[in-house]
Amino acid sequence: MSALLQITDVPYRASMPAKPDRLPKVSSLGRSSLSLVPARRACAVVLIENLLQLAQAYGPDFAISASREIRRRLCARFLTSVKADLACLRDDCFLLWSNDSFARDGCCEERFASEQLETLLSNLGSEPIRAKGIAALVQLHVNWIDVRSPDQRDRSEVALSLWTAQPFPDSHDKPTDGWRQLYRADMDIAVRLSEALQAERLALEWRPVIDAYASASTLYWEARPHIPRQPDESASLTPDVFLPCLQRLGLTRAFDRLVARQVIDALRQQPLLHLGVRLFAQSARVDHWWASLLSILQSAPELASRLTVEIPDGMAFSNLQSVRNFCARLQSFGCRIAIKDFGSGRGNLAAAQACRPDIIKLDASFLRRARESELGGECLRDMLALCGHLAAHVVVDGVEREDDLDIALDAGVQWVQGYHLRATEEPSEFGARMNSTQRGFA
476 MSALLQITDV
486 PYRASMPAKP
496 DRLPKVSSLG
506 RSSLSLVPAR
516 RACAVVLIEN
526 LLQLAQAYGP
536 DFAISASREI
546 RRRLCARFLT
556 SVKADLACLR
566 DDCFLLWSND
576 SFARDGCCEE
586 RFASEQLETL
596 LSNLGSEPIR
606 AKGIAALVQL
616 HVNWIDVRSP
626 DQRDRSEVAL
636 SLWTAQPFPD
646 SHDKPTDGWR
656 QLYRADMDIA
666 VRLSEALQAE
676 RLALEWRPVI
686 DAYASASTLY
696 WEARPHIPRQ
706 PDESASLTPD
716 VFLPCLQRLG
726 LTRAFDRLVA
736 RQVIDALRQQ
746 PLLHLGVRLF
756 AQSARVDHWW
766 ASLLSILQSA
776 PELASRLTVE
786 IPDGMAFSNL
796 QSVRNFCARL
806 QSFGCRIAIK
816 DFGSGRGNLA
826 AAQACRPDII
836 KLDASFLRRA
846 RESELGGECL
856 RDMLALCGHL
866 AAHVVVDGVE
876 REDDLDIALD
886 AGVQWVQGYH
896 LRATEEPSEF
906 GARMNSTQRG
916 FA
């Protein structure tokens with residue numbers, strides 16, 4: 476029986492198994508060389524977080540193929556020295572020891588060590604796994620740990636390494652009868668998106684947040700990623716389609732990172748503009764996915780001061796402290812934090828308390844209700860008053876027609892956004908240069 480089938484009942488951090496499911500494989504170092512190996516060495520742990528879901532959705536054979544493909548990519552790209560060492564603790568967990576081409580040993584900078592893991596993530600997860608007529612993307616978690624060589628560790632140490640390798644879990648709905656069909660449908664969309672990114676089809680549209688009293692004044696331009704439809708495509712790959720799929724699959728970090736990198740490039744190209752990028756709540760955590768971007772923002776305050784990071788309020792935060800730390804780190808560099816769709820979800824005040832935003836964007840439903848009744852107008856005014864105590868700037872979103880702007884002005888708002896609005900100067904050339912220059916999901 477495969478190791479994968481033996482681990483399917485082991486929950487995330489719920490309990491540590493008394494014994495590992497298999498002994499670790501012998502490393503590439505010979506036993507005669509063990510005396511030359513330090514007692515503890517820096518090692519990257521690579522965890523395939525969704526291997527169990529892949530087994531449930533596509534069968535154990537495909538999951539084993541996915542595990543083997545990740546191992547192959549590790550061997551092909553990160554084992555270029557005779558000093559390199561790789562071990563498989565379980566089908567979903569690998570250890571890659573620091574070596575000449577993938578080094579942490581002797582490195583005193585935490586930033587460099589984190590960027591090494593970012594490179595590992597992007598190389599291993601940029602392309603779908605293809606086997607047995609199936610294509611799927613893996614969800615990866617990596618981290619540095621200091622461990623002894625596999626040949627020098629006993630069963631309890633292996634079990635402890637497996638337990639500590641697992642990240643804090645995101646909240647997931649319990650599987651239902653239709654879970655398998657939904658998972659496979661979501662994954663098909665995610666693979667299509669990955670292929671579009673590989674073909675450099677990602678483009679950004681820009682929507683301004685403007686002064687309701689003076690349209691020439693723009694607070695910032697919000698980036699809206701989309702995939703232009705091809706003539707031979709039967710179905711459009713719109714954000715309304717692929718963004719919920721990425722969220723349900725837990726694959727938002729790679730996509731958000733790619734969009735954020737393009738927005739940073741846009742800031743470099745346009746030194747007078749302020750730009751915004753939306754991130755999923757799942758992505759709002761300080762981890763190795765963001766190593767290089769955080770380094771850029773820290774070293775370039777002139778870029779950071781013109782970047783607004785939007786985090787939707789419509790999604791419950793699984794870890795408020797992680798979101799708080801992420802927002803505080805960005806704000807320390809000079810970035811502004813915006814809570815988007817405020818009032819639409821369960822987070823509301825908890826989200827504002829965690830993010831401590833500079834900007835709050837009211838959900839468009841408040842403006843729609845204000846169109847319909849006097850009570851809706853009072854609700855809009857009350858929300859504006861509340862948000863004024865929580866952030867320096869409040870934006871009313873959803874301005875779709877002329878009377879919407881009048882309603883917003885009557886309510887006393889300063890900043891507005893919506894499809895009806897156009898800034899005085901349309902950035903046509905600026906928008907044309909925003910097509911993807913980077914390939915790959917990660």
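With the working numbering as the guide, the letters of the sequence shown map in order to residues 476 to 917. Think of the CB as a built atom: it goes at the ideal place given N, C-alpha and C, for glycine as much as any other residue. Computed from a predicted structure; not experimentally measured.
Based on the DSSP output, what are the partners of residue i in its beta bridges?
i    : result
T594 : Per DSSP, none; premise fails for T594.
H616 : L522
V870 : K836, W890
I771 : Answer is none; I771 lacks a bridge partner.
W681 : A698
A813 : E785, I834
R753 : E785
I545 : Paired residues: none, contrary to the question.
V622 : R516
A610 : R605
D686 : W890
Could you check if residue i belongs to the surroundings of the ligand MN, using beta carbon to heavy atom distance under 7 Å?
i    : result
F755 : In the structure shown, the ligand MN is absent, as is every other ligand, since no ligand is present at all.
Work out the CA separation of residue j and residue i for me, nearest whole Å.
i    : j    : result
W654 : I771 : 40 Å
K815 : D833 : 11 Å
A735 : V752 : 6 Å
Y894 : L657 : 32 Å
V888 : V684 : 12 Å
L596 : A606 : 21 Å
D885 : R699 : 28 Å
L762 : I545 : For the sequence presented, residue 762 should be read as Asp rather than Leu. Taking the straight line joining both Cα atoms gives about 21 Å.
L564 : S542 : 12 Å
D878 : L842 : 10 Å
S797 : C830 : 10 Å
I786 : Q744 : 24 Å
G809 : S774 : 11 Å
P719 : S576 : 37 Å
F587 : W764 : 13 Å
E708 : R676 : 13 Å
L880 : G863 : 19 Å
C568 : A866 : 43 Å
P714 : H701 : 6 Å
A674 : L570 : 32 Å
I604 : L527 : 15 Å
Would you give the residue range spanned by the beta strand (DSSP E) that residue i belongs to?
i    : result
T693 : 693-701
T783 : 782-787
L748 : Per DSSP, L748 belongs to no beta strand (DSSP E) and is neither H nor E.
L571 : 568-572
C563 : 561-565
L778 : It is not in any beta strand (DSSP E) - L778 instead sits in the alpha helix (DSSP H) that spans 776-779.
R605 : 604-606
When burial is assigned at 16 or more other CB atoms within 10 Å of the CB, is residue i buried or exposed?
i    : result
T727 : buried
G600 : buried
F730 : buried
Y920 : Given that the chain is displayed from residue 476 to residue 917, the structure contains no residue 920 and the question cannot be resolved.
L615 : buried
L747 : exposed
D857 : exposed
G534 : exposed
Q757 : buried
E602 : buried
A691 : exposed
L733 : buried
G873 : buried
Q828 : exposed
L750 : buried
D496 : Note that D496 scores 42 on pLDDT, short of 50, meaning its location in the model is unreliable; the coordinates nonetheless yield the value given after this. D496 comes out buried.
S589 : buried
D560 : buried
For the alpha helix (DSSP H) that residue i lies in, which residues bound it at each end?
i    : result
L668 : 654-673
A827 : 824-830
P719 : 714-724
A803 : 795-808
E853 : 849-865
Closest Cβ-Cβ distance between residue i and chain C: below 8 Å?
i    : result
V798 : In summary, chain C is missing from the structure at hand, where a single protein chain is found.
What is the C-beta distance between residue i and residue j, in whole angstroms, given that I count them as a contact (C-beta under 8 Å)?
i    : j    : result
D661 : L724 : 5 Å
V617 : V521 : 5 Å
L592 : W619 : 7 Å
G818 : L837 : 6 Å
I812 : A845 : So it is not a contact: roughly 26 Å between Cβ atoms.
L712 : L668 : 6 Å
R548 : N598 : 7 Å
V869 : I835 : 5 Å
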